[in-house]
Amino acid sequence: MTATPHDNAPIVSESGGRVYFSSSIGNNEGTVKNIKYYDYITFPNGKILSRSSPKKVSLLPNENFEKSTGYITVPENFGLGIYKYVLSAYDEDSGEISNTQFSFAKQSSIPKHKSCNDILRSGTSIDDGTYIIDVDGPEGPAYEISVYCDMTTNGGGWTLFANDRLATPLNPTHTVNYDNAGVLEDIYWQALKSGRSSLMVEEYRSFNSSPRYQSFISISKIRSSLAESLEPKNSASVNLFGTSYNDNAALILSNSSALGTHSKIFTGIVPGITFDRSYYPTSSYGRTISHMRVYIR
Ligand SMILES: [Ca+2]
Numbered sequence: 033m034t035a036t037p038h039d040n041a042p043i044v045s046e047s048g049g050r051v052y053f054s055s056s057i058g059n060n061e062g063t064v065k066n067i068k069y070y071d072y073i074t075f076p077n078g079k080i081l082s083r084s085s086p087k088k089v090s091l092l093p094n095e096n097f098e099k100s101t102g103y104i105t106v107p108e109n110f111g112l113g114i115y116k117y118v119l120s121a122y123d124e125d126s127g128e129i130s131n132t133q134f135s136f137a138k139q140s141s142i143p144k145h146k147s148c149n150d151i152l153r154s155g156t157s158i159d160d161g162t163y164i165i166d167v168d169g170p171e172g173p174a175y176e177i178s179v180y181c182d183m184t185t186n187g188g189g190w191t192l193f194a195n196d197r198l199a200t201p202l203n204p205t206h207t208v209n210y211d212n213a214g215v216l217e218d219i220y221w222q223a224l225k226s227g228r229s230s231l232m233v234e235e236y237r238s239f240n241s242s243p244r245y246q247s248f249i250s251i252s253k254i255r256s257s258l259a260e261s262l263e264p265k266n267s268a269s270v271n272l273f274g275t276s277y278n279d280n281a282a283l284i285l286s287n288s289s290a291l292g293t294h295s296k297i298f299t300g301i302v303p304g305i306t307f308d309r310s311y312y313p314t315s316s317y318g319r320t321i322s323h324m325r326v327y328i329r
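The sequence shown begins at 33 in this note's numbering and counts up by one.
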């Protein structure tokens, strides 16, 4: 089953437009297949915009059913952001459901800055809040995305790329906002981190509701006082994109050899696989980072 836009990374302008695509459903088995299929579009916020009524098709062995070439009309009043087209098919005999999809974006025609720091330096920032950026510029394939910018802490210009809450799955997404857990999808993350060198961690401990900010000046290997509030003798060694992990391991916080026994107190992997929030998991301290937001500048 395929659904392929005619443009590689389709973009609709702010005033609306169409996205042309082709789709097909194939039967590569030796028996007749009875398929029910429908398609729908999701809004940038994930809500389903419209769903077609299911249609039926019977496919002979090795038959490929080309749905007629179609297009999606995006009206002017639809919001900016990333949309998805999804084609879903249900095999009436086996009960198997399969989906195929592609994304397209509705974007403003005004070029966007590449990061929160670029916005800050351009003098157009207003305050902490949500801004639209294009991490690889108008010529790069990544779509414009909405991000949360901290424009005030530690000099400002911080782009939020991971928001990790205890007990909430950290799924890769194109929109990491201030309130919901999420981590930037790889294409955005790779472009965003390119040429940038500082990180900031805003963390909340389970025993304290005020945030604690950690600012790191290097993303290769640094030391910080991450653990000092818990144990003065202790400090944390922070490795980002470290050599012991592949490039996807964006955030690895481990404590120093001061105690020697807790080699890894926090591990974060971007794009968002798992954030292990346990703080001193094997010790009697039992500290927990209940929530953390990680920014890059
Ligand atoms: Ca771009």
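Every residue gets a Cβ at the ideal spot worked out from N, C-alpha and C, and that includes glycine.
Counting C-beta pairs with one atom in each stretch, the region 155-168 and the region 91-110 have fewer than three that are closer than 8 Å, which means they do not touch. One thing to note: Met-33 has its Cβ no nearer than 8 Å to the Cβ of Ala-137. Straight across, the Cα-Cα distance linking Glu-98 with Val-44 is about 25 Å.
CA-to-CA, the gap between Asp-182 and Trp-221 works out to about 17 Å.
Following the DSSP letters along the chain, one finds Lys-138 inside the beta strand (DSSP E) bounded by residues 129-139. Between Gly-62 and the set Asn-77, Glu-95, Pro-37 and Pro-76, the nearest pair of CA atoms involves Glu-95. About 4 Å separates the CB atoms of Trp-190 and Tyr-327; that is less than 8 Å, so the two are in contact. Not a single heavy atom of ligand 1 lies less than 7 Å from the C-beta of Pro-93. Out of Arg-83, Asn-149, Asn-40 and Asn-59, the CA that lies nearest to the CA of Arg-228 is found in Asn-149. In this chain, Ala-35 is not harboured by any alpha helix (DSSP H); it is covered by the beta strand (DSSP E) spanning 34-37. Residues close to ligand 1 by the beta carbon criterion (under 6 Å to any non-hydrogen atom) are, from first to last along the chain, Asp-166, Asp-168, Gly-169, Pro-170, Gly-172 and Ala-174. Within the region 178-231, the runs of beta strand (DSSP E) at least 3 residues long that lie entirely inside it are, in chain order, 190-197 and 214-216. The residue from Leu-112, Thr-156, Leu-91 and Pro-93 with its alpha-carbon nearest to that of Ser-147 is Thr-156. Shown here, Ser-54 sits in a strand according to DSSP, grouped into three states.
A direct Cα-Cα distance of roughly 20 Å separates Gln-133 from Gln-139.
Excluding the 5 residues flanking it on each side, Ser-90 has same chain C-beta neighbours closer than 8 Å at Val-64, Lys-65, Asn-66 and Ile-67, in chain order. Just so you know, the alpha carbons of Glu-46 and Ser-126 end up roughly 43 Å apart. The C-beta separation of Tyr-72 from Leu-81 comes to about 7 Å, placing the pair in contact by the 8 Å criterion. Where Ile-67 is concerned, the enclosing beta strand (DSSP E) starts and stops at 65-74.
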